[in-house]
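A.B. asks: In the numbering used here, the protein residues as written are 854 to 919.
#1: In the DSSP assignment, find the unbroken alpha helix (DSSP H) run with residue 914 in it and report its ends.
#2: What does a CB cutoff of less than 8 Å around residue 896 pick up in its chain, not counting 5 residues either side in sequence?
#3: Return helix, strand or coil for residue 886, following the three-state DSSP convention.
#4: Could you spell out where the alpha helix (DSSP H) holding residue 869 opens and where it closes?
#5: Just how far apart, CA to CA, sit residue 875 and residue 918?
#6: Could you give the C-beta distance for residue 945 and residue 901, rounded to a whole number, given that I count them as a contact under 8 Å?
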């Protein structure tokens, strides 16, 4: 079962890279840049900051439970 899941993940990564032309590092850099700009210049920066500060630890806690 784990092997099938790993294979499916690899196929999705390959398809995403092939479709967008960007690797994982470039996509993460782009996402971080967009979030930074939103935090600096958006009127709803406080909401976004609170969402990030709540969601990140929640996701990490769920990962540890599984």
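The beta carbon of each residue, even a glycine, is placed where N, CA and C say it ideally should be.
C.D. replies: Let's see:
#1: Your numbering for residue 914 matches position 61 in the chain shown. That run of the alpha helix (DSSP H) goes 898-918.
#2: On the chain shown, residue 896 is found 43 positions in, with the first residue counted as 1. Correct list: empty, nothing qualifies.
#3: The sequence position of residue 886 within the chain shown is 33, counting from 1. Three-state result, residue 886: helix.
#4: Residue mapping note: residue 869 aligns to position 16 of the chain shown, counting from 1. Its alpha helix (DSSP H) spans residues 855-873.
#5: Taking the chain shown and counting its residues from 1, the one referred to as residue 875 is at position 22. Taking the chain shown and counting its residues from 1, the one referred to as residue 918 is at position 65. Whole-angstrom Cα-Cα distance: 32 Å.
#6: Only positions 854 to 919 of the chain appear in this structure, which leaves residue 945 out of reach.
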